[in-house]
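Chains as they are written, first to last, in the working numbering: chain A, 2 to 369; chain B, 36 to 402; chain C, 520 to 887; chain D, 1293 to 1654.
In this text, a Cβ means the ideal position worked out from N, Cα and C, and glycines have one as well.
Single-structure report; data block below.
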Amino acid sequence: MTETGTLERPVETKAKYNLIDCDIHPSMKTPAEIQPYLSQRWRDHLATYGGHTRQGLSETLSHPRMVPEVSRVDSWPPSGGPPGSDLPFLREQHLDNLGIDIGVLVPLRFNASGQRHPDFAIAIATAINDWQVGKFLDPEPRLRGSIIATQEDPANAVAEINRRASDKRFVQVLLPPRSIEPLGKRRHWPIFEAAVRHSLPLSLHVGGVGGHQATGAGWPSYYLEEHHSQVQTMQAVIASLIFEGVFEHFPELKISFVEGGFSWVPSFGWRMDKAWQTMRDEVPHVKRPPSGYLRQNVWFTTQPMEEPNPAKNLADTLRWIGTDRLMFSTDYPHWDFDDPRFAFKVPLTAIEKAAIFAGNAVNFYGLN
Amino acid sequence: MNQAVLEKETGTEAKLGIVDCDIHPAFSTPDELAKFLPQRWRNHLADYGQRSANPLVGTLPYPRMTPGNGMRRDAWPPNGGPPASDLSFLREQLLDPLGIEYGILQPLAAGSSTLNQDLGAAMCTAVNDWQLDKWTGPEPRLKASISVAQEDATAAIAEIEARIGNRSFVQIAIPPRTIEPAGRRRYWPIYEVAEHYDMPIGMHSAAFGWHTNSGAGWLNFYIEEHYAFSHSLQSVVASMVFEGVFERFPKLKLIVVEGGFAWAAPLMWRLDRQWNRMRSEVPHVKRPPSEYIRQNVWFTTQPIEEPENNRHLLDTLRWVGTDRLMFSTDYPHWDFDDPRYAFKVPLSPAEREKIFRENAKQVYRLP
Amino acid sequence: MNEMIRSLESKLGLSTVGGIDCDLHPASPATKTLLPYLDEYWRETFVMRGVDRLSLAMTSSPPRAPINVRSDWKAESGFAGDTLEAVRAQALDPFGTRLAICNVLHGAMIMHSDDMAAALCGAANEWLAREWLDREPRLRGSIIVSAQNAELAVAEIERRAADHRFVQVLILAQNDEPLGRRRYWPIYEAAARNHLPLCIHAGGSNRHAPTATGWPSYFVESYVAQASIFESQLLSLVAEGVFQKVPDLKVVFAESGFTWLPSFFWRADKTWRGVRAETPWLTEQPSDIVKRHVRFTLQPIEAPPDQDALARTLEHIDCDDILLFSTDYPHAQFEGLNALPVAFGETLAKKILIDNPLATYPRIAADF
Amino acid sequence: MVDTAVARQRSVLSQLGAIDCDVHPDAPQRSDLLPYFDDYWKEIVTTRDVDRLELTNFPTRTKPFFREDWKAAEGRGVEKLRRNLLDPFGLKYAILNCVTGVHAIYDPYLAAAVCRATNDWLKAEWLDRDPRLRASLVLPMQNPEAAVEEIERFANDRRFVQVLALCMGEMPLGRRYYWPIYEAAQRHGFSLGVHAGSAYRHAPSQSGFLSYLAEDYVHQVQGFAAQVGSFVAEGVLGKFPDMKIVLIESGVSWLPGQMWRMSKDWRGARIEVPWVKEPPSALVRRQIRMTTQPFDAPSDPAELERIIEHLDADDMLLFSTDYPHAQFEGDAAIPDGFPERLIDRLARENALATYPRLEERP
């Protein structure tokens, strides 16, 4: 973990941005809000067949969460509708209250990449992107959007990226980490190529419906386990990207891992390094120790912050990962929200703080 | 059971040559393929082997009933080596006595299911070279299959293009158990090339893949696994129909190998019925599914289903259509079908001609 | 009234009523509806977690797909069969049905948590007894259980067994493992002990892909694939020796189709002759075991419109005992009242309508 | 090169008589096992050609997996093990973990038969030939009833000290389906060993099957992480408090991060699993143990002690060599930077506390 990557830039404290939130979940007042963004053919399809994903329940995640809409009890807008569905309330409770300069939207509803019907997946992805513009980006300049792309259908994902790239309010391409095949496989490479061409980073937010068991050991019974299995998903994605040679082929590619935590990153890097040292002749296309790519191409958002006991142990973890790799996120309005005022239970220097709360994100998204 | 004696016309054992659509050639020794591989992959194989989603190295997790992964006991060549590894014995036991005019090689365990895709592509190339070198070169009655690593469509197409000029190759071999169902768009570039060159796609039952071997989960016994082979082939047919493959590539030929065929009629009924009801979901499928099947799909006959009342098979033949069926032996596997005894019902000379010879000659474009 | 049923009535003197409908679906209750039938722990945690707001509809039976709602039976709500009045007017009266078995297809059966699944199944059964069976004497019920925890399933069966209006146990076709596996045997023993056939109904958990080749894009394709799942289950039950272990067990395949049976028999019997050393407890060929122990509900009839093929298929099956009358209400399996095509002939029709159900369901026979 | 720290460790090891908790005997072939099958199974494994049972995760052909110097040594079986490991490391006990493809077999009766033969073979060909050897019972997890019978069969042979499962099988190991096995194991004082490896009942990652063996090996950690989650959430740790669970060849450094996250999640989600009364980290520290090879340590040995501190459980780690796999060079079986004050516990005391059957006379 000693190499300095080419994508790293000195951290500058930008007075312009003091707090950037990399993970805000917008939602719809009612599911019908999507309709103006769909053609009649797909409105009919949605009404008749609903979502058709690779899991047992058609409208609901397989492991029920702990609170309604997975959301903070105080985040339900007084005007009605679910949390994150009311822009004025989102401004008031979140952006204004915490002094957020830039907030990045991560829309999760309808799960375009998880849709099995390939044409419906395309229609949904496009609709959600238009909806972000219409409902949030046009009226609120502090918000930024994520391009939803159909990961299982790379050609159409690229088309959608090309279509959105000129709108600079879209700052990243959003993909689900759970997919039919590991992300690093070559069939996904056209997506990486398009992202690099448009200088758009990729972002992977926990979730997705790839049709595989939630852990290599099988299906867990409880949300407590399923929530943790998201970490393993992130590990699988990182290992795949590295061992398939994605970062070797696309050295400029930037990826953030959102809501997967980060305390596992050092040991995972050590393990990958060791396996690579032993078996590098199997993967001659991987030229450097895997942790080197972690230092160069990969960022992590901070929520849900791990909480060691004693808290000071986290300082080691931060040192091992590098505070230049971390970007603050709240996960608003979800129940395990991190408050920027209290999330870090270890002391940070002013420089570290500036980097984690804003500077790293400025570099990652190219916000200058 | 009292009708189970052979009911076949006896006089018409014509001199008619047979086309056997399913012969499994084997390596004499495990390292026979090595000389067809570049050094880089020889080294790799020595250290890492050929990893697939099969949990065991070099062994199937459902042991067969006879040694050699389910071989006929009388098929072990007197000169040593596993069954179907010795050309002269294969001639002596199969081609000559049964009057086989053409035999289609279906090499198994090639690179198609290999997790390392570059290795998979290299293995396919090597197996294709090996078929020419060991089999079709010295024995022109044998015809080869172009093995391809279908999960990497680019590599698969490169291999097809490299072989297409050689008429010893008569089909493209893809296993039915792929990462995604066979009709999904990731595989379309392969179908496009196949249609362009009028090369049929042969899908032979596969012992492992990326998914449980039944929609019900992992089965315990070989008797169940063997049955489930036919389900993966049914899934292939359903997928290619519903994804619109045959609509998009109307001249594509699909051959379903070693799945039997009696299921084809009820499958067509089920497909048609549900298509009728839910065509709004799949508006790109313009015609009843059975029409595509009758136009684009052929079935090899082994392992032929055996009704208690032999004559019931006549209904099935009528429903599936004798123009869709092509005879196969599955030599040298234990459940081999002998052309003399496989059909326990009377076939008209014209039907016989079609099933044992003409359909295959046309589909494979044999001289 | 169905022409076939009418002619039977006059000829055979079935003066009062028609047959016994072995597969009728009241609309699955909303989760909130089940709250009064749950104990305090589940009531409290469901509300707290927002589970009461979730749709637990299964991907394998999207409630609005045309297969699941016959258009002329559709209520204003967009669903069908959601009131007793509708069931009486559409499913019971017009067919002159004497008795109908209610199969509630509820996501309870596929929840990951053993305890949550069991609690929801128990609540759905209680709901069926109170809201349907208490109010309509022509209705009978199936005890739905989640197969993944045999102990809890057995407890539910024993709890319901005293209520003789419950005439069978119902599980779904796709579970964690094939149903012949030993882990499920206690369920079968409990069913047989209480004179309850085991009904295996189309649908499932989607915890793995529904085919060995992965995830079909379309619902229609998945629906077709159900037949393969049923075939696997049938052979699993036979191969693992379930019927040797529990000789009194009757199994009812519901909404499985049956025209695939001849090819199943031919191939399974042939393979058995070759590999029977593997399963030495199988001393008879599979088709004989199936004909003795397994029954199939009539709908859907997957045959060409030409009645000859259907008649030939019945001859191939060569077993008059095997079919049970069903409308599969409110699923769209036939038009008008034509649930029983003329190809069956009157003698067989009578068996299907009355004799076979009576021979299959001891609890119904006892009522006659 | 023998630096002083390593030399000191080595001498401490041999003075103490270390207990090596992960040693792999050569995987038995059919010819090895044949004498231990009854007539029916003898005929079945012969006619059906059930021979080489080797997991795709651990192909014996893979050169980088094995230490060249150990491989090159003369002899076979126990003799070779003595020469390479037992004598030079001055071991008091070595626990044999026979990891074969039996875990991947589907037929529950065939799996049970192969397990029985393997255990009898271990006893006759290994345990009976060197008093320092101990072993794990290989169990057919596909068939809990047969697994329980196998535990009962060996309950009186105290040289079998634990029962063995894979970290990626059909279902997570915490599921109630497996509890009868744990009940029997606890009753007889066996610990539960969970070893790296997958039966490939499903893909080893949520995103499917991985292209490379290197990647596959890295992912074993995820199987272990899921199992720890499962043992905690399903309540196995509370239900079987006397049975230690040993993660074997799991790596070590990933566990603190998991404990942090699970304990935090538990605070928010505990109403879902009301039987879990303590923070997962406390349960894990009390009952889960890990072997130390591989450790997946940072390259700077000075950092190792930080990880030990994060673990905050001096009794969690068990000495292992993972013989004959290539995890370290020379005699450096104890990871560089391992705190000296804990070496005694690592090498001996922790194992004795983990395996109640270990001290008793055979």
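Against chain B, a Cβ distance below 8 Å from D:S1503 picks out L150, N151 and Q152.
The stretch 581 to 594 of chain C makes contact with the stretch 47 to 55 of chain A; the number of CB pairs closer than 8 Å reaches 3 or more. The secondary-structure analysis by DSSP pairs B:G138 across a beta bridge with B:D55 and B:L177. Counting C-beta pairs closer than 8 Å gives fewer than three between the stretch 1355 to 1368 of chain D and the stretch 1596 to 1606 of chain D, which falls short of the contact rule. In chain B, no part has a C-beta under 7 Å from the C-beta of C:H544; the shortest such distance is about 16 Å. Classified as buried, C:D847 has 16 or more neighbouring CB atoms from the shown chains inside 10 Å of its CB. Any Cβ of chain A closer than 7 Å to the Cβ of C:S547 would place that residue at the interface, and such an atom is absent.
Within 10 angstroms of the beta-carbon of D:P1327 lie fewer than 16 other beta-carbons, which makes it exposed. Contact between the stretch 277 to 291 of chain B and the stretch 764 to 784 of chain C is absent, with fewer than three C-beta pairs closer than 8 Å. Residue contact with chain D for C:T802: absent (no Cβ-Cβ distance below 7 Å to any residue of chain D). Its Cα nearest to that of A:D97, the residue A:P142 stands out among A:R73, A:P142, A:G270 and A:E60.
By the beta-carbon neighbour count (other beta carbons within 10 angstroms, threshold 16), D:V1528 is buried. DSSP links D:Y1615 through a beta bridge to D:V1315. By the Cβ neighbour-count rule, B:H261 is buried, with 16 or more other Cβ atoms within 10 Å of its own. By the criterion of a C-beta distance shorter than 7 Å, B:P342 is surrounded in its chain by L348, once the five residues flanking it on both sides are discounted. In the DSSP secondary-structure assignment, B:H368 is bridged to B:M106.
Collapsing the DSSP output to three states places D:R1581 in a strand. Look at D:R1451: its C-beta is not under 7 Å from any C-beta on chain B.
Here D:A1594 is exposed, its C-beta having fewer than 16 other C-beta atoms within 10 Å. According to DSSP, D:V1430 shares a beta bridge with D:L1456. Nothing from the stretch 1376 to 1408 of chain D brings a Cβ to less than 7 Å from some Cβ of chain A. Think of a sphere of 9 Å around the beta carbon of B:T189: no beta carbon from chain D falls inside it, the nearest being about 16 Å out. Here C:A796 is exposed: its Cβ has fewer than 16 other Cβ atoms, across all protein chains shown, within 10 Å. Legend: CB atoms of the stretch 1481 to 1493 of chain D lying less than 8 Å from CB atoms of chain B belong to residues S1490, A1491, Y1492 and R1493. Under the three-state reduction of DSSP output, B:M100 falls in the coil class, being neither helix nor strand. For A:E194, same chain residues with a beta-carbon under 6 Å away, outside a window of 5 residues either side, do not exist. Selection A:S241, A:D75 and A:G211 evaluated against A:A113 yields A:G211 as nearest (Cα-Cα). Using a Cβ-Cβ cut-off of 7 Å, D:T1348 counts as an interface residue toward chain B, since at least one Cβ of chain B sits closer than that to its own. Across the set A:W321, A:G217 and A:Q236, the C-alpha of A:G217 shows the shortest separation from the C-alpha of D:A1518. Nearest in C-alpha terms to A:L138, of all of A:L327, A:F358 and A:I25, is A:I25. With distances taken between CA atoms, B:W253 lies nearest to B:P90 out of B:P90, B:P173, B:L80 and B:G84. The C-beta of A:G135 has fewer than 16 other C-beta atoms within 10 Å across all chains shown, which makes the residue exposed. The distance from the Cβ of D:G1466 to that of D:A1525 is about 7 Å, consistent with a contact at the 8 Å cut-off.
Remark: C-beta atoms of A:A158 and A:A166 do not approach each other more closely than 7 Å. For B:M361, the beta-bridge partners assigned by DSSP are B:T335. Approximately 11 Å separates the beta-carbon atoms of B:I192 and B:I181; this is outside 8 Å, ruling out the contact.
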